[in-house]
Structures are given as structure tokens and as C-alpha cells.
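To start, the structure itself, in C-alpha cells.
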Amino acid sequence: MNEELSRHVAELGESRRNALKLMQDAMQAEKTLSLRTAQYETLLNRAPLGVYLVDADFRLREVNPTALTYFPSIPGLIGRDLDEVMRTAWPGTVADEILRVFRHTLETGESQVIPEHIGVRLDLGVKEYYEWRVDRIPLPDGRNGVVCYFRDISAPVLAREEIARSAERFRAFVTATSDVIYRMSPDWSEMRHLQGQTFIVDTKEPSRGWLEKYIHPEDKPLVLSAIHAAIQTKATFELEHRVIQVDGSLGWTFSRAVPLLDPQGELTEWFGTARDVTQRKLAEEALARMTAHSEQLRRLYHAILATTLDLVYVFDLEHRFTYANKALLAMWGKTAEEAIGKTCLELGYEPWHAAMHDREIEQVIATKQPVRGDVPFTGTQGRRIYDYIFFPVLGENGEVEAVAGTTRDVTDRRLAEEQIRESEERLRFMAESMPQKIFTAKPSGDIDYFNRQWMDFSGLSFEQISEWGWTRMVHPADLEEHVRVWRQSLQTGEPFQFTHRLRRADGVYRWHLARAHAMRAPGGGIAMWIGSNTDIHDQKDTEADLRRANEDLNQFAFAASHDLQEPLRMITSYSQLLIKDSREGQLASDAGLYTGYIVEGTRRIRELLADLLSYTAAGADGQLAPENVALNEVFEVVVTQNLYASIAESGATVTRDDLPTVCGHTAHFVQLLQNLIGNALKYRAEQAPRIHVTAVRRHDEWCIAVSDNGIGIEPEYHERIFGVFKRLHGRNIPGTGIGLAICQRVVERYGGRIWVESEPGRAGATFYFTLPVLENASNHEQ
Amino acid sequence: MSNDPSVGRIPRIVLVEDNPADVLLLEKALRHHHIVHELSCYEDGEQAIAAMSKQDFAIPDLIILDLNLPKQEGFAVLRVIRSRPALVSVPVAILTSSNAVRDRHRVELQKIERYIHKPPGLEEFLEQVGQAVKDLLGGAKQVS
Chain A
1 MNEELSRHVA ELGESRRNAL KLMQDAMQAE KTLSLRTAQY ETLLNRAPLG
51 VYLVDADFRL REVNPTALTY FPSIPGLIGR DLDEVMRTAW PGTVADEILR
101 VFRHTLETGE SQVIPEHIGV RLDLGVKEYY EWRVDRIPLP DGRNGVVCYF
151 RDISAPVLAR EEIARSAERF RAFVTATSDV IYRMSPDWSE MRHLQGQTFI
201 VDTKEPSRGW LEKYIHPEDK PLVLSAIHAA IQTKATFELE HRVIQVDGSL
251 GWTFSRAVPL LDPQGELTEW FGTARDVTQR KLAEEALARM TAHSEQLRRL
301 YHAILATTLD LVYVFDLEHR FTYANKALLA MWGKTAEEAI GKTCLELGYE
351 PWHAAMHDRE IEQVIATKQP VRGDVPFTGT QGRRIYDYIF FPVLGENGEV
401 EAVAGTTRDV TDRRLAEEQI RESEERLRFM AESMPQKIFT AKPSGDIDYF
451 NRQWMDFSGL SFEQISEWGW TRMVHPADLE EHVRVWRQSL QTGEPFQFTH
501 RLRRADGVYR WHLARAHAMR APGGGIAMWI GSNTDIHDQK DTEADLRRAN
551 EDLNQFAFAA SHDLQEPLRM ITSYSQLLIK DSREGQLASD AGLYTGYIVE
601 GTRRIRELLA DLLSYTAAGA DGQLAPENVA LNEVFEVVVT QNLYASIAES
651 GATVTRDDLP TVCGHTAHFV QLLQNLIGNA LKYRAEQAPR IHVTAVRRHD
701 EWCIAVSDNG IGIEPEYHER IFGVFKRLHG RNIPGTGIGL AICQRVVERY
751 GGRIWVESEP GRAGATFYFT LPVLENASNH EQ
Chain B
1001 MSNDPSVGRI PRIVLVEDNP ADVLLLEKAL RHHHIVHELS CYEDGEQAIA
1051 AMSKQDFAIP DLIILDLNLP KQEGFAVLRV IRSRPALVSV PVAILTSSNA
1101 VRDRHRVELQ KIERYIHKPP GLEEFLEQVG QAVKDLLGGA KQVS
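Just so you know, the protein sequences line up as chains A and B, in that order. Residue numbering for the first sequence follows this note's numbering, starting at 1 and increasing by one per position. Residue numbering for the second sequence follows this note's numbering, starting at 1001 and increasing by one per position.
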């Protein structure tokens, strides 16, 4: 039995050297000493193990002193039931398991080792760790019992668990931290390990190339210097520097390493962490840049505000100036120290003025909308007009935190504007009050202003005649040329001038002189056209009359000085000759000749005077109203009455086509036809005169022709013959030289023309004259 | 002087004048000044021009020209006179009732020797016109 026990003990001793050795020794001693009870008990009692023994009924038989200490709460332990004791110490399940082990060993003889038994002691309230074994041993009563050896291993187990937990925590920390973790050799020459955390590249094997691998070249001296210092002092290494990130770009890290020392105080290792501070660093840099930028902006604004002529300022919500730029201070004549923190009133503004600004500041604060106004103020520059605007300065929360303002001296501009306005009003008034029709046009020619005279004259509205609407007023016959000339001026910028007829409201066209000048812009381009239309209808009539009257006067003067003097001279000279000869007694022979010249002179003077009278009459308007005159009837009077004798004498044939009825005075047309037919009779050729009068309508005028077969007129005289006293022929053909002048006067009086056509070297001449066609009449065609 | 072919010859005067009354007055004026002369008269410019254009036109000692002539005016006659080399040295007098500035000016341009305005009274006519002709004839002699 001992052998078996020994064998069991020996087997058990292999697994738990410490405890089992002792047990083996004990067994060995028991075996060798063989029932040496004293020794046995000594061994049992002194053993550092707890030992107790139960019999086959699981009653405690032996408990050594060590074991006793584990059951302090159970008095009278010997003889007690194991089950009862266990249930006192342990929870039910633990007690059941313990008893099961005991029972198994008792029944089978199989030794059992429980290397680690954990349980919370019910009686002690603490968690304890035990290792124990049970063996079946024979008891003196012949039955078997079970001996149990146990040892409290709580302390080492707990220590181990603590270490394990600590390691676990460390692992958790290492795993959980986003920081880089590294270990360095004592002199930092070698990196033992580095966990890069996706920030920088890992180093899993000891390496000496870490400096190149991780550190930004520029930061190497800094890093080395910090390392040197840390090694010297064995103090914590701490540095922020640049590193090469996983992707090769530069990053920033905050690195810190603590020295690990051996018991002798020598460095064994450096353990460090490095935090990725790239984002923070970038943010700091961005912030620094922003700060620099805002600083620059501040300087810029300061420069602008200090140099601008505008007044710039800021009020706080209590209406005190918190800022005033240089210009404003100069206008006040105050320094910033004197002005800042003061209200308008405190700065000497008149009370009404300060109150107005107070209201406006409040309005800006309330509405968050700008306020603008202008106000006179007397500052260091004297009394000036200022245009100002207050506007809200909004804080981050959208509330007004201040009211800023700018003010500009607009005195000069206001004065200029006022002058311009006055000048414009003056011009407009002038334009409206002038009798002329005034207009202005855009460079394009679109009319944008007509004075009232236009509307009064035309009876049209401004809208009807503006832009190019005025063309409806222009006489159709003048329009095309007018527009052409106007467009030409628009293109060249040359002054425009044109005489045209404009239709009055009653439909009557009146002659106007239109003029326009381009007003140049400062750049030289055309800014606008300014033009006028002057009614020259009356002048035009008067002018024509005046011109005619003036010519008449000249003609009369000429007649008086020459043609009338000529016969007068004859009369005078031959009368004196008669007297002279009679004195000298020579009268008889030449008296007849002399008196002949005298009579001839008087006849000629009479003739001239009569013709001049006719001529004057031809030009005079007379008091009689014009009437319709049938030229057919005029022809009859001339041929059958006035020239009857001459026609009969010369054997002439005078014929006519149908002649029209025209408007005028009969006497004028009698003179006209009589002179022309008379001329034809007078300047006859050898053969009997043949004279024919015809009329042809051309547009709105009649062209009447008096043709003859007489001697004709050389071309160089075709114009001259119409002048007063221009005669081509000598005294063999009678005449005063006024006849054709009278004809011209009559024709021109009625707005017509007169001319002669005569082919050189051929007999015959045709005198033509034109007369206007009667309105609403086409009698010739009827 | 004595070998001068013109000496003793009767001065030949050409008169272009359409008014016979004035022709007679001129003759009276010449007689008044005892100017012995031979007078050729033309009634109008055309006649005068026709005559002067002829090759056998006798070169006169003086041409007296009225301006206001029928058919061809006096200036037309003057143009012909100026265009004939034979007549270049013949003095020309304008005898006119025109006192118009324009006519006087035109005459000045033509380098006319004398512009004689027909005086309105008989005595003046006889005195002034006769004296003018006398001067012109005398001058012509001196020139030749």
C-alpha cells in the first residue's frame, strides 16, 4: 500500500515540483520511518501545506495546524462532516464539486490533482485560489480514507492575474492608441521597434537607418540635439518636428520618449510615442497665414481709410464714434484721442444735427438697412454739403454690432449740378420762348426734343413728329433731298442747312430755313444735334419783291442817266444850235433838220416814259385781285385790235392753237403777247411774217411759245435782250429796248420763266414763257 | 517836217455813231475848232467792222467810237481795231453819252487814248469834243 502511495505521490510530484516534492518527502519519510507517529505528526503539523484527512464516512479525522488556519470560522473541526464544512466555506456548486472529487478518489483509489481552484469563500468573503490533491489512504479501522493536501496560491495567482491584466491593458492601450509607439536603444543609435499607425512606416526589426527613414532633413539637427540633451539628463525626450509620412509627404509629429532605467540607474531603452499633429500644424499654419492676411488687410484698409478724401467712421450702439479716419478728424480739427468715444453732440454738432444722426443710427440698428442723406456742416473747411450713408455692421449672429458710415463732400458737385440744371432750364426756356422751331436730335438723327412751336405750327403731337415723324410735315417735293442732306450731315458732322416747305396745321406749306449744328462731346464725338427751323415764307416773298424792286430802281437809274438823257441832250443841243444859228443869221437852211432832231428827241422821250410806265405796271401788284384770264381772248384783243395796223401793214399771218386760262391780270397778259408778237413783226425778214402761238402743259405749268420766221437772234444775245434798253438794232427798227424786259417782268411776276430759242444762221426765233397751271382746273384739256 | 508825208494832208477821221444828230454835232464841233478833216461815218458796229476788215481800208488819223451801237457794240469794234496791226498806232477816242463807271473801266483797260463824255449842252459839246479831237490829231502828228 505504501508503495502504491509512493508511486502515486511520485507521479504527482512530477507535475508540481514544489508542493509535490514536499509531499513526496513526507510520503518517503512515512514510508521509511514506518509509523513513526511522532515524526509523522511533526511532519504533518509543520508542513507549510494544509493537510486533512477524512474517513470513509467523510468525517474529518485529521487536520494539521496549517489547514486549521483556513477554517477559522469552523470550531471543533475534527469529527465534523466534510460536506458540512465545505458548504460553510464554499458556495453549493463548489462544495458539490469538491465532494465529488473526494468521493471519486475514495471509490476508485485514483489520486486527483486540482491545480487551481478558484472560489469565493463564503465565510471569508474573499476570492481565494487553491491548489490541492486528494489520495486514498488506508485507515487504521481497515477502511479507506482520503487525505487532502492544499495550498493557498491566491497571492501568486492574483499577482499573475494582475500582470496579465496590466499586460492586457497595455496591449489594449497600444492597440487603441492612434499614436505611434517606438522603442529606441539607450543611445538612440538603433530603433528597436516602431508601430507607425498608418502615419509613418512601421519598423518591425531593429534598424539603424531610422533617422533617414523618418526625419525631415532640415529637422535632423534639431532632433539630434534634443536626443543628446535627453540622453545627458536621462530626462524625457520631447520634440515637435517634421516626419516623412507613409505617402512620402511631410507631416508633423509631437514625439515624446521616456528613458527606461535598470536598477543601477543605467539606460536600457527609450520608450516613446509620437502623435500625428500634421492637421493641427496645418491648421496652425493656415491660421498664421490667415492672421498674416488679415493683418495685411488691416494695413490695407488703414491705408485706404487714412488717405481717402471721404469721411469714414464707425459708431457703437451707444452712438459713440469708435473709429474716425484721418479725413474726418481733419474735418473736425480733432485728434483721435479727442474724438473717439464721443457722440456727435459731445463733438459739438448742433443739437438738431446730432439728434438727426441719433435717429438714423437707431433706424439702421432696427432695420439693418442703410440710411442715406445729405446735410450741411461747418467744419474746418467751412460750410460744406455732405452726402452720407450709414450702414449696419453685422456680427456673426446677424445682429447689428456697430453702425459704420461714409460721408463725401458733394458741395462742388451739387453746385455744378445746380448750375447745369439752371443752365438747362434757361436753355429750355429760351427754346420754348423763341419764335423759331427748335429741336435736338441724337447722333443717329432721331429727334428727341421739339419746342412747343412745332406742335403749335403742325397741330401734331410730339409723339407724331419725334424721331423721324417730322418727315410727314415736309413738302413731298422737298423731302427726298432734305433727308439726303440731313443724312449727309449726320455722317460728316458738317452743319446742316436746308430750305424746305413745312405743312402748317391748316395744310398750307410755308417755306422754312432749317439749320442744325452738331454739339461735340469732350471726346470729339457728336453728343447731339441742335437745330432750328425758321419760317422764311414772308421773307422769301418779300425778298423776291425787294430784289425786283431793287433791280427796277437800278434800271430806272440807268434809264434816267442814259436813255432819257440821250434824247434830252439832242433836244437841248439842237435847240441851242437853232438859237445860235439864228443869232448868226444862218437859221434858214438847217432849221428844218434841227427841229426834226428836236421833235425826234421829244417823241423818243414820250415813248420811253410810256414804256417805263408799262414796265413799272408789269411789276406792280396792283390793288386788283387776280382773276382767271383766258389767253385765247387776250390773243384776240392783241391781234384784232392793238396790233391790227402793224399786222395789216406787214401782211403777216398770226395764228394760235388753243391757249389755256391762267390766273392774273388781263392787262399784263395783253402786254406780254403784244410785245412778243410785236417783236416778231418788227424783226421780220424779207418774206411776210408768219407768227404762231402754241401752248403745252408740262407738269404743273404751261409752256407757251411764240414762234416767227423773222431774222432770228444770235445766241450771244439770247440773254441780253431781256435787259432794259438793250437793243440789238439801230434806228431803222423802232423800239425803246424795254419790250422784252416788260415781258420778263410779267412772266416772273407769275412765277414763270421766259427765254428765246433761235438757231444760229437760220431765220426765225421762238420765245417761250411758262405760267403756272390753275389749281383745280384743266381747262385746256376740256 | 517838210518831208513828212502827212504834212499838208487832210486828217482822216473815222466816226462810228448811229445817231445822225450826233454826227452832225461832231461836225459842228470840228468846224468850231477849224479842224480841216475828212470824215467817214459808220452807222453801226457791223458796218464799221466790215469796213475796217477790208484790206484797202485807208488808215485814218483818228477813230471816234460810240459804245452803245446797234448790231455790234462799240467794244466789239474796238476788239477788231486792236486786232489789226495797221490800226495799232491809230488813236481811238470813245465818244459816248454813257458815264457809267463800268464803261469807263472797260475803256481804261483797252488803253483808249481818250474817253469823251458827250456833254449835255451845245457849247460844252462843241468846245470839249472839238478840243479833244484837236489834241488827238496833234498828238498823232507828233508821234508820226
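Glycine is no exception: its CB is placed at the ideal position from the N, C-alpha and C atoms. Quick caveat: nothing in here was measured; it's all calculated off a predicted structure.
| Check | Outcome |
| --- | --- |
| Residue of Thr198(A), Phe391(A), Met331(A) and Lys21(A) minimising C-alpha distance to isoleucine 385(A) | Met331(A) |
| Inter-stretch contact at 8 Å, needing at least 3 Cβ pairs: the stretch 1065 to 1072 of chain B / the stretch 1037 to 1050 of chain B | yes |
| Cβ neighbours of histidine 117(A) in the same chain (closer than 6 Å, five flanking residues each side left out) | Tyr130 |
| CB contact flag (leucine 1030(B), glycine 1121(B), <8 Å) | no |
| Any C-beta of chain A under 8 Å from that of leucine 1030(B) | no |
| Through-space distance from valine 1090(B) to valine 1133(B), alpha-carbon basis | 13 Å |
| Per-residue burial, leucine 250(A) [other beta carbons within 10 Å of its own, 16 or more giving buried] | exposed |
| Environment of asparagine 45(A) [buried if 16+ CB atoms lie within 10 Å] | exposed |
| Spatially closest choice to serine 178(A) from Leu460(A), Asp187(A) and Phe199(A), by CA coordinates | Phe199(A) |
| Glutamine 232(A), DSSP secondary structure in three states | helix |
| Spatial neighbours of histidine 216(A) in its chain, beta-carbon cut-off 8 Å, leaving aside the 5 residues before and after | His241, Arg242, Val243, Ile244 and Leu250 |
| Proximity to aspartate 202(A) [Cα-Cα], best of Val157(A), Val654(A) and Ala274(A) | Ala274(A) |
| For lysine 437(A), the three-state DSSP class (helix, strand or coil) | strand |
| Distance between methionine 184(A) and arginine 121(A) (C-alpha atoms, nearest Å) | 47 Å |
| Nonlocal neighbours in the same chain, by C-beta distance under 6 Å from serine 207(A), ignoring five residues either side | Met191 |
| Chain B residues whose Cβ lies nearer than 9 Å to that of leucine 612(A) | Correct list: empty, because the minimum Cβ distance to chain B is about 18 Å. |
| Alpha-carbon to alpha-carbon, serine 294(A) and glutamate 218(A) | 29 Å |
| Neighbour-count burial assignment, serine 1144(B), 16 or more Cβ in a 10 Å radius | Because the pLDDT at serine 1144(B) is just 34, under 50, the model does not fix this residue reliably, and the value given afterwards should be weighed accordingly. It is exposed - the Cβ of serine 1144(B) has fewer than 16 other Cβ atoms within 10 Å. |
| Cα-Cα separation between isoleucine 361(A) and alanine 303(A), rounded to whole angstroms | 26 Å |
| Proline 156(A): first and last residue of the uninterrupted alpha helix (DSSP H) it sits in | 154 to 176 |
| Outcome for tyrosine 644(A) when other beta-carbon atoms lying within 10 angstroms are tallied against a minimum of 16 | exposed |
| Inter-stretch contact (C-beta, 8 Å, three-pair minimum) for the stretch 757 to 765 of chain A and the stretch 525 to 535 of chain A | no |
| is_contact[phenylalanine 1125(B), chain A] using C-beta, thresh 8 Å | yes |
| Selected residue, minimal CA-CA separation from glutamate 600(A), among Asn632(A), Tyr574(A) and Asp611(A) | Tyr574(A) |
| Three-state class that DSSP yields for glutamine 687(A) in the structure shown | coil |
| Residue from Ser189(A), Leu774(A) and Asn679(A) with nearest C-alpha to valine 756(A) | Asn679(A) |
| 9 Å Cβ cut-off: residues of chain B touching arginine 749(A) | The contacting residues do not exist; arginine 749(A) stays about 27 Å from chain B at best. |
| Chain A contact for glutamine 1121(B) (CB, 8 Å cutoff) | According to the sequence provided, residue 1121(B) is glycine. The question's glutamine does not apply to it. Yes, contact with chain A. |
| DSSP three-state assignment for lysine 127(A), whether helix, strand or coil | strand |
| Minimum Cβ-Cβ distance from arginine 698(A) to chain B less than 8 Å | no |
| C-alpha distance - valine 654(A) paired with valine 670(A), whole-angstrom precision | 15 Å |
| Residue burial classification, tyrosine 182(A) (beta-carbon count within 10 angstroms, cutoff 16) | buried |
| Neighbour-count burial assignment, glutamate 1017(B), 16 or more Cβ in a 10 Å radius | buried |
| Members of the stretch 1014 to 1029 of chain B that neighbour chain A once the beta carbon cut-off is set at 9 Å | Asp1018, Asn1019, Pro1020, Ala1021, Asp1022, Leu1024, Leu1025 and Lys1028 |
| Cutoff 8 Å: methionine 570(A) Cβ touching any chain B Cβ | yes |
| Nearest-angstrom Cα separation, counted from alanine 1021(B) out to arginine 785(A) | Because residue 785(A) is not part of the residues shown, which for chain A are 1 to 782, the question remains open. |
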